[in-house]
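Input: a single structure, listed below in structure tokens.
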Ligand SMILES: Cc1cc2nc3c(=O)[nH]c(=O)nc-3n(C[C@H](O)[C@H](O)[C@H](O)COP(=O)(O)OP(=O)(O)OC[C@H]3O[C@@H](n4cnc5c(N)ncnc54)[C@H](O)[C@@H]3O)c2cc1C
């Protein structure tokens, strides 16, 4: 029988950051990841750090803590995360009034600079001036998400943490306590198990009767090999239609998973990594079955067509379409804490702007665990479906 202080399920950025912070406190931690080479949301992310996006005291503080962590993370972990400061350029479609769109950003800690079409194209020469009525410029951070994830995992292992490539089949339950997990090959025991399984967190919790306001989209994007062409900024749309779809999510019948598309949003965006490769996105689809088959050809065609309007030079880049699941919760920036009904079970998932919020919250979580467990938030009926 193998015993740990903490078992962490899922080796994306949430699980890796949390495993590292728990191990840093001297705890014996097991990180379980189901795939050797995971096709997860972290791998296919743009890598943007939206530290401007805090809207209240806590989220603004977390954004500050998050960017400070990233500024020092390569040094702390001993591996380069490719952190850099970078302009975010949000495109405003021709049918929208730039001033009205800019005003909708007043709630954020840092207000964007409104650019006219010429200024936007000077900042990002690859932009098509005929498809925008202006742009918003914001200071953003950027990392290589996969390298950052690996950096966290390597530092975790150096601290004595264990990583096993095994899929968690179910949680071990004794009465109202979770006492560990059963994987494809083994049984592991712990008084504390935390679910960081991204889009699959929902189904892991459902197996022990816990249904939360935690959902997922199927996201599609194109990854390219390194190319000569240069994009200066991270480009995304100023109006995120995805957030509107996500606010209606409860109505989509999650108890009877369906593989057909219930909602479908295309938001043209692009980022170039330091090696010259691109991530071009992004389609977000609500299909309530996490295993739903995706029409790869149709998604690739849509992304190329929509990217071609905003950034014509990128439309025909060589590249491959990928699909991943992205967890979200509609009413807050994350779902984090202990599950009230089951002793020993915790959740760390459903983040918005995960790359900026997860590292500081992982650090706070580990502090609470070791210093003042009363402070760990409780996930109870009030945030239940
Ligand atoms: C195109 C795109 C662009 C994005 N851009 C940004 C951005 O610029 N900034 C930002 O902050 N966010 C961005 N995001 C969102 C961000 O990438 C995700 O929110 C984040 O990576 C999620 O991390 P995670 O750890 O929750 O999930 P994941 O990275 O999906 O990791 C979950 C892991 O759990 C594992 N797992 C699941 N079930 C089990 C099981 N039973 N047993 C063991 N392991 C299991 C999976 O294999 C997976 O590796 C973007 C997403 C996409 C798709």
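Numbering (the working numbering), first residue to last: 5 to 389.
Using N, Cα and C, we set each Cβ at its ideal position, and we do this for glycine too.
Tell me whether residue 172 sits in a helix, a strand or coil according to DSSP, three-state version.
strand
What number of angstroms, rounded off, separates the C-alpha of residue 247 from the C-alpha of residue 185?
Cα to Cα, the separation comes out at about 34 Å.
Residues near residue 231 by beta carbon distance below 8 Å, same chain, minus five either side
280, 281, 282, 321 and 322
Looking at residue 137: is its Cβ nearer than 9 Å to the Cβ of residue 96?
yes
Does at least one heavy atom of ligand 1 sit under 8 Å from the Cβ of residue 286?
yes
Residue 151 versus 89, 278, 236 and 115, residue with shortest Cα-Cα distance:
278
Cβ neighbour criterion (16 or more within 10 Å) applied to residue 382:
exposed
If you run the structure through DSSP and keep just helix, strand and coil, what is residue 52?
strand
Residue 354 burial status per 10 Å Cβ neighbour count (16 or more: buried):
Residue 354 comes out buried.
What is the rounded straight-line gap between the Cα of residue 309 and the Cα of residue 46?
25 Å
So, with DSSP's three-state summary, where would you put residue 237?
coil
Reducing DSSP to helix, strand and coil, say where residue 189 ends up.
coil
First through last residue of the alpha helix (DSSP H) which encompasses residue 207
205 to 210
Rounded to the nearest angstrom, what separates residue 389 and residue 316 at their Cα positions?
Summary for residue 389: the model assigns pLDDT 43, below 50, so the residue's position carries little reliability, and this model does not support an answer.
By the 10 Å Cβ neighbour count, where 16 or more other Cβ atoms means buried, how is residue 286 classified, buried or exposed?
buried
Could you tell me if residue 270 is buried or exposed, where buried requires 16 or more neighbouring beta carbons within 10 angstroms of its beta carbon?
buried
What do you reckon, are the CB atoms on residue 12 and residue 36 nearer than 9 Å?
yes
Taking 8 Å as the cut-off, does the region 156 to 175 touch the region 253 to 270 (at least 3 CB pairs, one atom from each stretch)?
no
Residue closest to residue 341, alpha-carbon to alpha-carbon, out of 28, 196 and 211:
For residue 341, the closest of 28, 196 and 211 by C-alpha to C-alpha distance is 196.
7 Å Cβ shell around residue 28 - same chain, five flanking residues per side excluded
Hits under 7 Å: 163 and 370.
Would you say residue 263 and residue 291 are within 9 Å of each other, going by their C-beta atoms?
yes
Less than 8 Å separating the Cβ of residue 49 from some heavy atom of ligand 3?
Absence of ligand 3 from the depicted structure is noted, with ligand 1 being the only ligands included.
Count the C-beta pairs between the region 59 to 73 and the region 359 to 367 that are closer than 8 Å, then say yes if the count reaches three, no if not.
yes
Mind checking whether residue 177 and residue 212 have CB atoms under 9 Å apart?
Yes, they are a contact pair.
In chain order, which alpha helix (DSSP H) runs of at least 4 residues are fully inside the region 40 to 103?
61 to 81
Measuring alpha carbon to alpha carbon, tell me which of 274, 347 and 358 ends up nearest residue 318.
274
Just grab the DSSP bridge partners of residue 333 for me.
Answer is none; residue 333 lacks a bridge partner.
Do residue 85 and ligand 1 come close, with the Cβ less than 8 Å from some heavy atom?
False, no ligand heavy atom lies under 8 Å from that Cβ.
Skipping 5 residues on each side, what residues in its chain have a beta carbon closer than 8 Å to that of residue 182?
175, 176, 197, 212, 346, 347, 348 and 349
Going by the CB atoms, is the gap between residue 298 and residue 224 shorter than 9 Å?
yes
With a threshold of 8 Å (Cβ to nearest heavy atom), would residue 283 be considered close to ligand 1?
yes
Restricting to Cα atoms, I'd like to know which of 117, 226 and 221 is closest to residue 143.
117
Measure the beta-carbon distance from residue 8 to residue 194 and round it to whole angstroms, keeping in mind my assumption that it falls under 8 Å.
4 Å
To the nearest angstrom, how far is the alpha carbon of residue 294 from that of residue 122?
43 Å
Since residue 363 sits in a beta bridge, which residues does DSSP pair it with?
Answer by DSSP bridge pairing: none, since residue 363 is not bridged.
Using CA atoms only, rank isn't needed, just tell me which of 112, 215, 145 and 276 is closest to residue 259.
215
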